[in-house]
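Below is one structure, written out as structure tokens; the observations come after it.
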Amino acid sequence: MALPITSQASWFGTVCSRLWTRNVRPADYVLTVIVGALLLIGVMMIYSVSVGPNLQTGQGDPFSLVERHLVMLGIGLCALVIGSRLDYHLLQRGTVWLMFGTLALLVAVLIFGEGVQGAKRWLIGPSIQPGEIAKLVTIIYVAAWLASKGKKLRNPLYGLLPFSILVGIVAGFIILQPNYSTAMLIAAVAFTMFFIAGADLRQFIGSAVVTGGVATLIVTQSARAMARFGTLIVDPAKELNDGSWQIAQTLIALASGGVFGKGLGTGGGQYGYVPLAHSDGIFAIWGEETGLIGAILLVGLFVALAYRGFRIAQKAPDDFGRVLAAGITFWLVLQAFVNIGVVTQLIPFTGQPLPFISYGGSSLVMSMASVGILLSISRALPKPPVVKSVPVVGGATPVLENSATTKKNATISYRGRDRRTRVSTRRRSATPRRRPNSEPDE
Numbered sequence: 001m002a003l004p005i006t007s008q009a010s011w012f013g014t015v016c017s018r019l020w021t022r023n024v025r026p027a028d029y030v031l032t033v034i035v036g037a038l039l040l041i042g043v044m045m046i047y048s049v050s051v052g053p054n055l056q057t058g059q060g061d062p063f064s065l066v067e068r069h070l071v072m073l074g075i076g077l078c079a080l081v082i083g084s085r086l087d088y089h090l091l092q093r094g095t096v097w098l099m100f101g102t103l104a105l106l107v108a109v110l111i112f113g114e115g116v117q118g119a120k121r122w123l124i125g126p127s128i129q130p131g132e133i134a135k136l137v138t139i140i141y142v143a144a145w146l147a148s149k150g151k152k153l154r155n156p157l158y159g160l161l162p163f164s165i166l167v168g169i170v171a172g173f174i175i176l177q178p179n180y181s182t183a184m185l186i187a188a189v190a191f192t193m194f195f196i197a198g199a200d201l202r203q204f205i206g207s208a209v210v211t212g213g214v215a216t217l218i219v220t221q222s223a224r225a226m227a228r229f230g231t232l233i234v235d236p237a238k239e240l241n242d243g244s245w246q247i248a249q250t251l252i253a254l255a256s257g258g259v260f261g262k263g264l265g266t267g268g269g270q271y272g273y274v275p276l277a278h279s280d281g282i283f284a285i286w287g288e289e290t291g292l293i294g295a296i297l298l299v300g301l302f303v304a305l306a307y308r309g310f311r312i313a314q315k316a317p318d319d320f321g322r323v324l325a326a327g328i329t330f331w332l333v334l335q336a337f338v339n340i341g342v343v344t345q346l347i348p349f350t351g352q353p354l355p356f357i358s359y360g361g362s363s364l365v366m367s368m369a370s371v372g373i374l375l376s377i378s379r380a381l382p383k384p385p386v387v388k389s390v391p392v393v394g395g396a397t398p399v400l401e402n403s404a405t406t407k408k409n410a411t412i413s414y415r416g417r418d419r420r421t422r423v424s425t426r427r428r429s430a431t432p433r434r435r436p437n438s439e440p441d442e
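Numbering-wise (this note's numbering), the sequence shown opens with residue 1 and increments by one.
And the structure:
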């Protein structure tokens, strides 16, 4: 019996050997273009919200935030390329160790983490945020776990009960930071994956009700969380407090953009009016500078991302790829619309960054790594049938041939009326077949 360390070393060696394989199939180029457009918008907005205000105050390097963002973008690009070229099935073999490592980080942040406004969410200063890492790792682990259960998911003892314990452990560590929005996001994505994997609808509805009740109980025990929910029922124009003032500034920035916007770099919200303009409020700055047209364009890019991601999930060759692609897509799109919903006062303030656009090292790298996994799954999609022109008798039309389903060195043609298939091999016998009851040739 191999030792666990030896097994994981073998897994790591397999990863390295398959990293730069030849004849790699092309990935989903449409998804690549969509993500590239979002990343470009992110760089432009980080430049817009940081350089001008820094030049105005004259404090430090005005390009420091842009430079740090570009560094994390480079790391994320490496993660995207590596993830896209690796066989995504390798994640199944290392998923247990990934989850153990993530849980260790979640424990470490509670002990050694940097406290900001009463919350411990960062390790090594603001460099590493384990909650962001937990989003992707939990999706990978849940996808592997669900794919291994098959039809047993419909049995609550094998499906819902252990699944709830698993998700509850991860969410519980994040709640202790406290970071309620990330815990709720992970739970929502995980239980959606549970339903996609084939769980019974009654189990899904029951788990949603129980999860909602637990979340409500937890939120009501936090004065800070309740204050954020209060911003939904307060009119910012009439009653200003810490939460409603932030919402009021984002709404003013969005409204001042009009239809066509003020122009890139010419907005005023980043000059201290919109809090956290580089992260939570970046959509408000984008709407101010590009107007309603730009806001619709950005929302459209995330809708297109959802379409391509779920299309990859639908055509994935196995259950693991299907559930994994669906979970990643749902996570990215849900988080995007949570951020936009906060800015437009549709949901309470959560602190969730806008994927690919907001400043944030861990969030950006994990989002790009998840896209790399999506691209890897897209490479594994079955090839479409190829039309081959085959010389046949009787004027039959060319046929569709798929190398994965036909015999090697054989061609398929159709006979006249009955459309019965005939497989003609490369070699035929040189001696003609005799007819029954016929005389031998002289």
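Note that the Cβ used here is the ideal one computed from N, Cα and C, for glycine as well.
Given a cut-off of 8 Å, decide if residue j and residue i are closer than it, judged by their beta-carbon atoms.
| i | j | result |
| --- | --- | --- |
| Tyr271 | Leu65 | no |
| Phe310 | Ala336 | no |
| Ile328 | Ile373 | yes |
| Ala147 | Asp319 | yes |
| Leu324 | Ile196 | no |
| Glu288 | Gly321 | no |
| Arg308 | Leu31 | yes |
| Ser181 | Gly351 | yes |
| Ile175 | Ile218 | yes |
| Ile46 | His69 | yes |
| Met366 | Leu136 | yes |
| Ala134 | Val170 | yes |
| Met184 | Ala215 | yes |
| Leu80 | Val371 | yes |
Helix, strand or coil for residue i per DSSP?
| i | result |
| --- | --- |
| Val444 | No statement about residue 444 is possible, as the shown extent of the chain runs from 1 to 442 and does not include it. |
| Arg121 | strand |
| Ile347 | coil |
| Ile196 | helix |
| Ile133 | helix |
| Ile357 | coil |
| Tyr158 | coil |
| Gly52 | helix |
Pull up the distance between the alpha-carbon of residue i and that of residue j, whole angstroms please.
| i | j | result |
| --- | --- | --- |
| Gly83 | Pro130 | 20 Å |
| Gln249 | Leu276 | 11 Å |
| Leu39 | Phe356 | 5 Å |
| Lys120 | Val109 | 6 Å |
| Pro382 | Lys151 | 25 Å |
| Val189 | Gly263 | 36 Å |
| Ser50 | Ala253 | 16 Å |
| Val343 | Leu103 | 31 Å |
| Leu334 | Phe112 | 30 Å |
| Phe194 | Val210 | 15 Å |
| Phe163 | Gly213 | 18 Å |
| Gly115 | Pro26 | 44 Å |
| Leu332 | Val338 | 10 Å |
| Ala37 | Val107 | 36 Å |
| Phe302 | Gln177 | 29 Å |
| Arg22 | Gly300 | With a pLDDT of 42 at Arg22, under the threshold of 50, the predicted position of this residue should be treated as unreliable, though the coordinate-derived value follows. One C-alpha to the other measures close to 35 Å. |
| Ala306 | Pro353 | 17 Å |
| Ala284 | Val274 | 8 Å |
| Leu298 | Ile312 | 21 Å |
| Tyr141 | Gln92 | 8 Å |
| Phe450 | Gly172 | No answer is possible for residue 450: it lies beyond the span of the chain, which begins at 1 and ends at 442. |
| Thr220 | Val71 | 40 Å |
Report buried or exposed for residue i, applying the criterion of at least 16 other Cβ atoms within 10 angstroms of its Cβ.
| i | result |
| --- | --- |
| Ser207 | buried |
| Arg202 | exposed |
| Ile330 | Rather than Ile, the amino acid found at residue 330 in this sequence is Phe. Buried, since its Cβ has 16 or more Cβ neighbours within 10 Å. |
| Gln165 | One point to set straight first is that residue 165 is Ile, not Gln, in the sequence displayed. Exposed, by the Cβ-count rule. |
| Trp286 | buried |
| Asp61 | exposed |
| Gln246 | buried |
| Ala255 | exposed |
| Leu55 | exposed |
| Asn179 | buried |
| Phe100 | exposed |
| Val446 | Shown here, the chain extends from 1 to 442; a query on residue 446 therefore has no answer. |
| Val167 | buried |
| Ile205 | exposed |
Below 8 Å on the Cβ atoms is my contact criterion, and I expect residue i with residue j to pass it. Report the Cβ-Cβ distance as a whole number of Å.
| i | j | result |
| --- | --- | --- |
| Gly291 | Ser48 | Not really, about 14 Å apart at Cβ, beyond 8 Å. |
| Leu123 | Leu105 | 7 Å |
| Gly76 | Ala369 | 7 Å |
| Ile377 | Ala316 | 6 Å |
| Cys153 | Ala199 | What sits at residue 153 in the sequence shown is Leu, not Cys. Between Ala199 and Leu153 the Cβ distance is about 5 Å, and since that is below 8 Å, they are a contact. |
| Ser363 | Glu132 | 5 Å |
| Gly261 | Gly294 | 6 Å |
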